[in-house]
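Here the structure is laid out as structure tokens; the discussion comes afterwards.
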Amino acid sequence: MNPTRRCGPAKGEHMSVARTVAAVLAGVVMLAGCGDDRPPGDAGAIDADLVADLGNDDARAVGESVNQFGFDLLGELGEGDENVVTSPVSVSVLLAMVLAGAGGDTAEQMSEVLHLDEPRDVRVGALLGRLADTDDVVLSVANALWARQGTEFEDDYLSFVEDTFGATVEEADLSAGEIVDEIDGWAADRTEGKIDEIAEDLGLPSGNAVLVLLNAVYFLGEWTTPFDPDDTRDEPFTMLDGSADDVPTMHLRQEDFDYVERDGYEMLRLPYGEDERYGMEILLPDESSDVTELTTRLDAREWADAVDSLSSATVQELALPSFELEWGMSLDDPLRHLGMDSAFDGSADFRPMSPVNPFLDTVVHKTYIKVDEEGTEAAAVTGGVMAESAPTDALEFRVDRPFIFTISDQETGTILFLGTVTDPSA
């Protein structure tokens, strides 16, 4: 079932149109209304005409915005001694879909926090299209909206999120218990089961919710040079408090990797696949420093400069812990602290989204990452709820202390996942 849409005025009048859903034999769903059909789905469903004139420079510019927001968020989340795993792409896209329905001060604040030029920035669609255009790794980005039955939404808003983000839009009873299984099932299906619960974290079911927005990112990449499991053994990893625990540590010897030594840290890039477009960058603080200090001074420019400075070096020995982590929390307070107060307030301006003028009730981010001898599997789901008013010597690169990692796209320079590992055995 599709939400009630307020189409644009025709001859001075407004029309309310309920768009119908038809299931096609192949399982494709088409939405019809306000005179045209629009495809549902993920990044592959982005309107080609909308982004036809946008090139790699546009994608890279938005990628820089995503990265800076990611480091801003990490600065809010990474001050303690716990592991942090975020997906700047996932949170940025979710909030960009919310931003597309904002106006006034609410839109200005959100645009500033997200480092975007305007509330409806079609360059985000160009970025998603570029990120998904790869056969070297498995990468999917999906978006979906569930609108409360009977609530009107501006048709140009719903059409924008469909066309720009490839999002599906459907109507649902957000106060019924069935919505939990529907939301959680969607998340599980799009993350290969790695994240299968988020609805209750979002406060669902809810009688006040008028719109639920979800983004999911799934990544699976095999190392260009895999580790030999026979070389993995327990070795000490020094925690932030100075204690050491033995953790499974993988080894490679006499291999060439892109590497650079920077002020206060080293960076090494582990590529995935044959074309090496995607890779994991390990940022290892100097022994005289720590990951907390590095987190506070890292930003998108420093990260990009370090990546641009990478050059091939023969690593005598690479020692990297294998790890599998799950992480999740509400982003409401961090986003407020970054300057996004208005969106969470009952006086927020979301009239471009719906005449009921909802506010952003909550944002929840959940992630998963597994790094082993074969490669990396990572997933993220970000959910938001709109409600009614009422994160030269023989070179050795031994990762035996807390570190920062990123998973990025070399073509667009965009960070997909960003986090700190303080305890690989957690």
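Heads up, the sequence shown is in my numbering, so the first residue is -6 and it goes up one at a time.
We treat Cβ as the ideally placed atom computed from N, Cα and C, and that holds for glycine.
Given that a residue counts as buried once 16 or more other Cβ atoms are within 10 Å of its Cβ, and exposed if not, what is residue i?
i      : result
Ser85  : buried
Glu147 : buried
Glu370 : buried
Ser304 : exposed
Gln102 : buried
Ser302 : exposed
Glu389 : exposed
Ala169 : exposed
Val162 : buried
Val210 : buried
Asp223 : exposed
Asp340 : Strictly speaking, residue 340 in this sequence is Ser, with Asp absent from that position. Burial call: exposed.
Glu274 : buried
Asp156 : buried
Thr415 : buried
Asp256 : exposed
Arg246 : exposed
Gly186 : exposed
Arg123 : buried
Glu72  : exposed
What's the C-alpha gap between residue i and residue j?
i      : j      : result
Ala306 : His244 : 16 Å
Phe230 : Glu317 : 15 Å
Ser236 : Val91  : 43 Å
Arg391 : Leu411 : 20 Å
Pro428 : Thr218 : The structure shown does not extend to residue 428, since the chain spans only -6 to 419, so no value can be given for it.
Phe62  : Val106 : 7 Å
Asp325 : Leu151 : 24 Å
Ala19  : Asp126 : Legend: pLDDT at Ala19 = 21, less than 50; position of this residue unreliable, no value from coordinates given.
Leu313 : Glu269 : 19 Å
Leu233 : Asp283 : 7 Å
Gly159 : Pro417 : 35 Å
Glu111 : Gly118 : 14 Å
Asp292 : Phe64  : 6 Å
Asp74  : Ser58  : 27 Å
Glu254 : Tyr271 : 21 Å
Leu88  : Ala202 : 17 Å
Asp420 : Ala380 : The requested residue 420 is not part of the displayed model; the chain covers only -6 to 419.
Glu171 : Val154 : 25 Å
Val115 : Pro241 : 44 Å
Asp365 : Asp98  : 46 Å
Gly143 : Leu167 : 11 Å
Val130 : Ala297 : 22 Å
Gln309 : Arg226 : 18 Å
Ile188 : Val378 : 18 Å
Ala299 : Glu145 : 48 Å
I want to see whether chain B comes within less than 8 Å of residue i, judged by CB atoms only; does it?
i     : result
Ala95 : Of the protein chains in the structure, only one exists, and it is not chain B.
What is the DSSP secondary structure of residue i, reduced to helix, strand or coil?
i      : result
Leu290 : According to the sequence shown, residue 290 is Arg rather than Leu. Arg290 falls in the helix class under three-state DSSP.
Ile172 : helix
Asn208 : strand
Phe62  : helix
Asn136 : strand
Pro417 : coil
Met260 : strand
Asp279 : coil
Gly122 : helix
Gly403 : A small fix is needed here, since residue 403 is Gln in this sequence, not Gly. Of the three classes helix, strand and coil, the one that applies to Gln403 here is coil, per DSSP.
Arg344 : coil
Thr127 : coil
Leu92  : helix
Glu72  : coil
Ala100 : helix
Glu155 : helix
Glu164 : strand
Val115 : coil
Gly412 : strand
Val392 : coil
Arg421 : Look at the range of the chain in this structure, -6 to 419, and you will see that residue 421 is not part of it.
Give a yes or no on contact between the segment 190 to 201 and the segment 351 to 365, applying the rule of three or more CB pairs nearer than 8 Å. Touching, yes.
Any contact of the segment 51 to 67 with the segment 181 to 190, i.e. 3+ C-beta pairs under 8 Å? Verdict: no, contact absent.
State whether the segment 208 to 224 contacts the segment 360 to 376, with contact taken as three or more CB pairs (one from each stretch) at a distance under 8 Å. Yes, they touch.
Is there contact here, the segment 317 to 333 with the segment 200 to 207, by at least three beta-carbon pairs under 8 Å? By the C-beta criterion, the segment 317 to 333 is judged not to be in contact with the segment 200 to 207, since fewer than 3 inter-stretch pairs fall below 8 Å.
With a cut-off of 8 Å, do at least 3 Cβ pairs link the segment 278 to 289 to the segment 336 to 348? Fewer than three pairs of CB atoms, one per stretch, sit closer than 8 Å, so the segment 278 to 289 makes no contact with the segment 336 to 348.
Quick one: complete beta strand (DSSP E) runs, 3+ long, within the segment 208 to 257? Segments of the beta strand (DSSP E) lying fully in the segment 208 to 257: 226 to 231 and 237 to 255.
Enumerate, from N- to C-terminal direction, the unbroken beta strand (DSSP E) stretches of 3 or more residues contained entirely within the segment 296 to 384. Secondary structure within the segment 296 to 384: the beta strand (DSSP E) runs of 3 or more consecutive residues, fully enclosed, are 304 to 314, 316 to 323, 352 to 364 and 368 to 380 (chain order).
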